[in-house]
Ligand SMILES: Cc1cc2nc3c(=O)[nH]c(=O)nc-3n(C[C@H](O)[C@H](O)[C@H](O)COP(=O)(O)OP(=O)(O)OC[C@H]3O[C@@H](n4cnc5c(N)ncnc54)[C@H](O)[C@@H]3O)c2cc1C
């Protein structure tokens with residue numbers, strides 16, 4: 004029988020575990036140590052306080068130690084830091100940060116949910132400036148205070164991951180000039196390069212100054228000096244340079260760590276000590292699609308692991324089926340979601356996976372509904388099995404639902420055939436009768452079975468520059484309002500009369516607005532004896548989104564006479 008369970012970290016994982024343990028055992032003593040000011044605050048809503056979307060910082064705090072005592076008989080001690088674990092005697096050493104007093108508490112089981120820290124790059128002068136991170140309620144309160152004390156107008160956000168982008172968005176919404184500096188060629192590495200272009204354009208359209216392939220190399224004389232030599236005022240600097248498992252306490256206590264310095268856990272989230280569990284941002288999980296272990300710093304997994312370990316402590320075993328990694332965010336007027344593997348992951352981790360993907364741009368509801376919006380959906384599948392590996396969906400409407408559908412399927416090893424057959428709810432204000440995910444299944448099967456050949460938007464520039472033959476299947480009016488340079492306009496309606504204009508001795512690439520008309524044109528040509536025709540997946544919309552940002556950033560020659568984003 005367990006008499007006393009101690010928990011380190013009182014937010015997502017730690018507090019969820021404490022509550023579950025109490026529901027399983029009315030008698031056990033539960034003490035949660037949290038070194039910060041608050042337990043159970045909403046980390047995920049922190050950026051939204053910077054814009055006033057969450058009006059007060061008090062709202063970010065979801066409960067108090069008093070309420071936890073009253074409702075759950077949990078002893079939650081804020082501003083109490085666990086500074087060591089005496090594993091031989093099953094005790095922790097705690098520092099009361101209010102009094103400085105150090106004391107010990109014994110445990111039967113110990114759970115570590117200490118979260119992550121922001122890894123700070125070695126930037127010259129960083130130690131000499133006041134900079135902020137966005138990890139807890141105090142952080143955002145301090146940022147607000149500093150902004151009002153200094154009257155600063157310009158802000159630098161270093162790092163274009165989820166937290167950096169959300170922070171930049173919310174500070175821009177609050178009226179500040181925001182410079183977002185990212186050392187990689189794109190923000191949000193969880194999305195592929197072709198997809199993230201949509202979000203980068205939205206950031207720029209909304210006035211965020213986006214610096215890619217850039218890095219702050221030094222802070223000097225109140226300014227940030229970028230790698231390129233550019234200087235900008237450094238009155239307010241927010242370091243959003245990622246998330247690193249906080250394993251300092253575990254390391255000090257001699258618990259095993261992984262190569263990435265996360266706390267090493269087994270399939271039951273037990274550390275190398277059989278009485279100590281660890282969960283959340285501090286550990287690595289098994290990714291069932293890549294079959295690798297890596298951190299997954301997201302709230303949902305932390306909370307589910309909390310239930311898992313609480314159950315495990317009480318002999319209620321759960322299968323650890325691994326993780327697929329699903330996340331979403333809002334970037335001003337756009338929503339974006341991703342699940343499973345991306346090209347970035349496959350290439351970045353050198354996974355031995357043969358794959359292809361579909362990129363479809365259907366409306367999110369029946370097109371004649373006034374609220375209908377484009378959705379940009381990319382579904383990656385394995386070749387030659389057609390097994391779905393991952394999906395990304397971006398748009399101004401309900402794209403998260405589409406990714407969630409695929410995320411749910413990914414738990415069960417789906418194929419394109421399953422996607423095609425999914426039976427989803429439909430009425431005009433919500434979707435189309437053949438929803439985008441069904442549509443992606445149809446197109447994917449066409450590719451898989453070799454019914455059509457496609458070319459991806461990311462490859463169009465090279466083809467245009469090499470003088471490839473493009474046919475634009477839209478109307479003359481659409482063609483005149485912007486097309487791929489050098490393309491020949493043969494509207495679908497005229498194709499059957501003008502087939503003799505289409506060469507047979509070279510590859511022919513067909514596009515329209517979103518690939519519906521050009522797909523029909525490809526079919527018509529193939530059924531009439533052409534065997535070297537390719538569908539430009541994503542068509543004019545896809546090419547425009549894929550090209551615009553880099554055209555602006557680099558000043559290179561556009562490959563379209565005019566972009567089309569609608
Ligand atoms: C700004 C922001 C936005 C986010 N947005 C999203 C989102 O939209 N969706 C999503 O899924 N996830 C999001 N996350 C990630 C999510 O919040 C984390 O994955 C989740 O909170 C991890 O839970 P955890 O219990 O491992 O760590 P945390 O919730 O971070 O809790 C760890 C706590 O442990 C305390 N601690 C550490 N060491 C000690 C010690 N020695 N003694 C006492 N206390 C200690 C820390 O002070 C910290 O409060 C966001 C995170 C941030 C910071």
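Residue numbers (this note's numbering): 4 to 569.
C-beta: ideal position from N, C-alpha, C; glycine also.
- Here residue 541 is buried, its C-beta having at least 16 other C-beta atoms within 10 Å.
- If you check the C-beta of residue 301 against ligand 1, you find a heavy atom less than 6 Å away.
- In its chain, beyond the 5 residues on either side, 288, 326, 328 have a beta carbon closer than 7 Å to the beta carbon of residue 299.
- Looking only at 29, 128, 422, 310, the smallest Cα-Cα distance to residue 281 is reached by 310.
- Counting every other CB atom within 10 Å of its CB across the protein chains shown gives residue 210 a total below 16, marking it as exposed.
- When only Cα atoms are considered, residue 344 and residue 435 end up about 26 Å apart.
- Straight-line measurement puts the Cα of residue 227 at about 6 Å from the Cα of residue 234.
- The three-state secondary structure of residue 420, taken from DSSP, is helix.
- Only residues of its own chain outside the window of five on either side were considered, and among them 136, 138, 242, 243, 244, 245, 246, 247 have a CB closer than 8 Å to the CB of residue 121, listed in chain order.
- Rounded to the nearest whole angstrom, the CA to CA distance from residue 275 to residue 253 is 10 Å.
- Between the C-alpha atoms of residue 331 and residue 448 there is a straight-line separation of about 27 Å.
- Remark: the shortest separation between the CB of residue 157 and any heavy atom of ligand 1 does not fall under 6 Å.
- Contact annotation: the segment 32 to 45 does not touch the segment 161 to 170, with fewer than three C-beta pairs closer than 8 Å.
- Residue 137 has its CB nearer than 6 Å to a heavy atom of ligand 1.
- Nearest to residue 390 by C-alpha distance, out of 420, 217, 15, 363, is 420.
- DSSP assignment within the segment 14 to 91 yields the following whole beta strand (DSSP E) runs of 3 residues or more, N-terminal first: 32 to 37, 78 to 81, 83 to 89.
- For residue 422, the closest C-alpha among the options 393, 206, 364 is that of 393.
- Distance from the CA atom of residue 483 to the CA atom of residue 495, rounded to whole angstroms, is 15 Å.
- Within the same chain, and ignoring the five residues on either side of residue 107 in sequence, the residues whose Cβ sits closer than 6 Å to its Cβ are 94, 96.
- Fully enclosed beta strand (DSSP E) runs of no fewer than 3 residues occupy 180 to 184, 212 to 214, 219 to 223, 226 to 229, 234 to 236, 239 to 242 of the segment 165 to 243, in order along the chain.
- Distance from the CA atom of residue 432 to the CA atom of residue 567, rounded to whole angstroms, is 25 Å.
- With fewer than 16 neighbouring CB atoms inside 10 Å of its own CB, residue 507 falls in the exposed class.
- Per the Cβ contact rule, the segment 205 to 222 is not in contact with the segment 365 to 382 (fewer than 3 Cβ pairs under 8 Å).
- Bridge partners of residue 137 according to DSSP: none are assigned.
- When distances are taken from the beta-carbon of residue 47 to the heavy atoms of ligand 1, the shortest one is below 6 Å.
- Taking every protein chain shown into account, the CB of residue 182 has 16 or more other CB atoms within 10 angstroms, so this residue is buried.
- Taking C-beta atoms as the reference points, residue 520 and residue 476 count as a pair closer than 7 Å.
- In this structure, residue 90 and residue 40 do not form a Cβ contact; the two beta carbons are roughly 29 Å apart against a cut-off of 8 Å.
- Taken from the Cβ of residue 248, every heavy atom of ligand 1 lies 6 Å or farther away.
- Short note on residue 509: C-beta not closer than 6 Å to any heavy atom of ligand 1.
- By the criterion of at least three beta-carbon pairs nearer than 8 Å, the segment 151 to 159 is not in contact with the segment 52 to 68.
- The segment 341 to 360 and the segment 374 to 388 touch, with three or more beta-carbon pairs separated by less than 8 Å.
- The alpha carbon of residue 168 has as its nearest neighbour, out of 24, 251, 206, 297, the alpha carbon of 206.
- The continuous stretches of alpha helix (DSSP H) do not include residue 7, which lies in the beta strand (DSSP E) extending over residues 7 to 11.
- Boundaries of the beta strand (DSSP E) around residue 280: 279 to 281.
- If you look at residue 408, you'll find it in the alpha helix (DSSP H) that goes 402 to 413.
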